[in-house]
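Numbered as in UniProt numbering, the sequence shown ends at 396 without a single skipped number.
The C-beta atom is built at its ideal place from N, Cα and C for all residues, glycine as well.
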Amino acid sequence: MIRDAARLNRLLTQLYRFVQDECIPLEAQIDRTDVLPEALVARMRELGLFGHSIPEAYGGSGLTTEELACVNMVVSQAAPTFRARFGGNTGIGSEALIADGTEEQKRRYLPRLASGEITGCFALTEPDAGSDATALATMARRDGNDYVLDGSKRYITNAPIADLFTVFARTNPDDPGAGGISAFLIERGTPGLATSEGYRMMGQRGSPVGEVLLQNCRVSASAVLGGEPGRGFKSAMKALNKQRINLAGLCVGPAIRLLDEMLAYAKAREQFGKPIAEFQLVQQLIAQSNTDIHAARALVLQTARARDRGEDVTMAASMCKLFASEMCGRVADRAVQVYGGAGYIADNPVERLYRDVRLFRLYEGTSQIHEINIAKQTLRAPLHDVRDHQLHQSAE
């Protein structure tokens, strides 16, 4: 749902200029140094990027799902590391708190997340709990008015720099499934909580990803998200449903950028006496990429509108994430192919983005997990429900 088209267009224009003038010129430097300049982070705070999805009552912009999708498709036309810096606040790091936090928890943390004063992260994945998110080994033992947490998390975006951790742990050892999981809001500096240095990664350099280590970490029962144990997995799924739509939008932006780079190179590069853009097989790669981008964009916006209407978008969000992430990978591969040998050389934007976007098919659920989930939900739904859903979507 877009509430004020003129206002949104002004925001998108401002963000486009920020991306083009301030982010893209820093891409090569950040890829080499693995460090995002603090001056740029300060600009992100100044522009309000940390609070886009946080309700206005708590200091954010309160963007709808569709408005946020439009924003994501613009900001992600620069390297994904830029959006990852504020994405933990305006995305997965705050969504569970917005959805299920107590009023006291929201008032304590959301204004500081919205301003960028603190950085949030979402600590779910473990060494033995990746795609099977219910297989958590991290335990939270009740001890009087406190909980004591022990365990570890890995591949956590922003963990090395985060100030607020949404940590998922098993509070009921007798329930091995989703019902035994609770979420905790834990601040950096809490005794027993530590983080590793960031990994050296294939792509998305400048975005710190690391481990969260919990050893005899004691927190008050008031740290339980929503104040009620056993609801953590449901909170995680609520956050992930929206985040999958967000991530799908974040796949469209790089694909647009890659197509732009592909077009510029194909028009300038000459072989056999003419620009390679005039060769039909190069045109095929361009046409396939443009079609892919338009299809993904339409699916993202359609699903975002459905969520804004209050519909259950569990399956649609999986479809979004699956299609858009695979699409982005295809476009990146075609861009390298159009560039030829130049596309394999470091410090080339196409080579850099090729590495960056590979991660999209892994986090927030691998492509294979989403295919399994989509198939299960499709098989469970009566045929008329599937048909009616398709007709409803096509009528929008």
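Going by beta carbon distance, what residues of the same chain come within less than 7 Å of residue i, once the five residues before and after it are set aside?
i: MET44; result: PHE50, ARG85, PHE86 and GLY116
i: MET201; result: VAL209
i: GLU187; result: ASP163 and LEU164
i: GLY48; result: SER61
i: ALA129; result: ALA135, LEU136 and ALA137
i: LEU36; result: ILE30, THR81, ARG85 and GLY206
i: TYR155; result: THR125 and VAL209
i: GLU67; result: ILE2 and LEU8
i: ARG112; result: ILE118
Which residues does DSSP list as the beta-bridge partners of residue i?
i: VAL224; result: PHE184
i: LYS274; result: GLN271
i: THR166; result: PHE122 and LEU185
i: ALA129; result: GLU126
i: VAL148; result: ARG141 and ARG218
i: LYS234; result: Answer by DSSP bridge pairing: none, since LYS234 is not bridged.
i: LEU213; result: SER152 and ALA194
i: THR157; result: VAL209
Taking the alpha carbon of residue i as the reference point, which residue from the options has its own alpha carbon closest?
i: TYR339; options: LYS267, MET319 and ASP150; result: LYS267
i: ALA39; options: LEU26, GLY249 and ARG32; result: LEU26
i: ALA183; options: GLN284, ARG141 and PRO208; result: ARG141
i: residue 398; options: ALA96, ARG330, PHE18 and GLY48; result: One cannot answer for residue 398 here, as it falls past the ends of the chain, which runs 1 to 396.
i: ASP174; options: GLY189, TYR344, MET139 and THR190; result: MET139
i: GLY226; options: ALA96, ALA137 and ALA381; result: ALA96
i: LEU258; options: THR134, PRO80, LEU68 and SER235; result: PRO80
i: PRO191; options: LEU11, VAL219, TYR155 and GLY310; result: VAL219
i: LEU185; options: ASN348, ALA221 and ALA194; result: ALA221
i: ARG305; options: ALA277, THR291, ASN246 and GLN271; result: ASN246
i: ALA264; options: PHE272, ALA277, ALA255 and GLN271; result: ALA277
i: VAL75; options: ALA137, LEU11, THR134 and GLU126; result: LEU11
i: LYS106; options: PRO55, ALA135 and LYS153; result: PRO55
i: LEU110; options: ILE156, GLN77 and HIS52; result: HIS52
i: GLN284; options: PHE323, GLU261, HIS294 and ARG334; result: ARG334
i: ASN9; options: ALA69, ALA57, GLY60 and TYR58; result: ALA69
i: ALA99; options: ARG154, ASP146, GLY48 and ARG231; result: ARG231
i: ALA137; options: PHE272, HIS294, ALA57 and PRO127; result: PRO127
i: ASP347; options: GLN20, VAL282 and ARG32; result: ARG32
i: GLU104; options: ASP356, ALA223 and VAL282; result: ALA223
i: MET1; options: VAL19, PHE18, LEU63 and ASP260; result: LEU63
i: ALA5; options: PHE18, VAL71 and GLN20; result: VAL71
i: ARG358; options: GLN204, GLY177 and LEU113; result: GLN204
i: GLU228; options: GLU261, GLY177 and TYR147; result: TYR147
i: SER131; options: GLN77, MET237 and ASP143; result: MET237
i: GLN215; options: PHE279, ASP150, GLY310 and ARG17; result: ASP150
Below 6 Å CB to CB, which residues in the same chain sit around residue i once its five sequence neighbours on both sides are set aside?
i: TYR354; result: ALA332 and VAL336
i: PHE82; result: CYS23
i: PHE122; result: ILE92, GLY93 and THR166
i: SER325; result: CYS251, PHE360 and ARG361
i: MET73; result: GLY249, VAL252 and GLY253
i: ASN172; result: GLY180
i: LEU213; result: SER152 and ALA194
i: LEU15; result: VAL74 and VAL75
i: ASN145; result: ALA221
Does any residue of chain B have a CB that is nearer than 8 Å to the CB of residue i?
i: CYS320; result: Of the protein chains in this structure there is only one, and it is not chain B.
Spatial neighbours of residue i within its chain, please: C-beta separation below 8 Å, excluding the five flanking residues on both sides.
i: HIS241; result: The residue asked about is misnamed: residue 241 is Asn in this sequence, not His. Here the set comprises ARG307, VAL313, THR314 and ALA317.
i: MET319; result: LEU299, THR303, HIS370 and ILE374
i: ASN158; result: ALA84, ARG85, GLY88, GLY93, THR119, GLY120, CYS121, SER207, PRO208 and VAL209
i: SER292; result: Correcting the residue identity first, residue 292 is Asp in this sequence and not Ser. Excluding residues within five positions, the ones whose Cβ falls inside 8 Å are ALA255, MET327, ARG330 and VAL331.
i: LEU322; result: SER367, HIS370, GLU371 and ILE374
i: GLY343; result: ALA335, VAL336, GLN337, VAL350, GLU351 and TYR354
ask   = Just checking, does the stretch 292-307 make contact with the stretch 250-269 on the three C-beta pairs under 8 Å criterion?
value = The answer is yes - the stretch 250-269 touches the stretch 292-307, with three or more Cβ pairs under 8 Å.
inquiry  = Is it the case that the stretch 204-224 contacts the stretch 156-170, given that we only count it when at least three CB pairs across the two stretches are under 8 Å?
reply    = As far as the Cβ criterion goes, the stretch 156-170 touches the stretch 204-224, which means the pair count is three or higher.
task = For the stretch 93-121, list the beta strand (DSSP E) runs that are entirely contained and at least 3 residues long, ordered along the chain.
result = Segments of the beta strand (DSSP E) lying fully in the stretch 93-121: there are none.
query = Which runs of the alpha helix (DSSP H), 4 residues or longer, sit entirely within the stretch 238-311?
reply = Runs found: 280-308.
query = Can you give, in chain order, each stretch of the alpha helix (DSSP H) that sits fully within the stretch 5-87 and has at least 4 residues?
reply = Here the runs fully enclosed are 5-18, 27-33, 38-46 and 65-75.
task = Could I get the ranges of all uninterrupted alpha helix (DSSP H) runs contained in the stretch 341-367, with 4 residues as the minimum, in chain order?
result = Runs found: 349-357.
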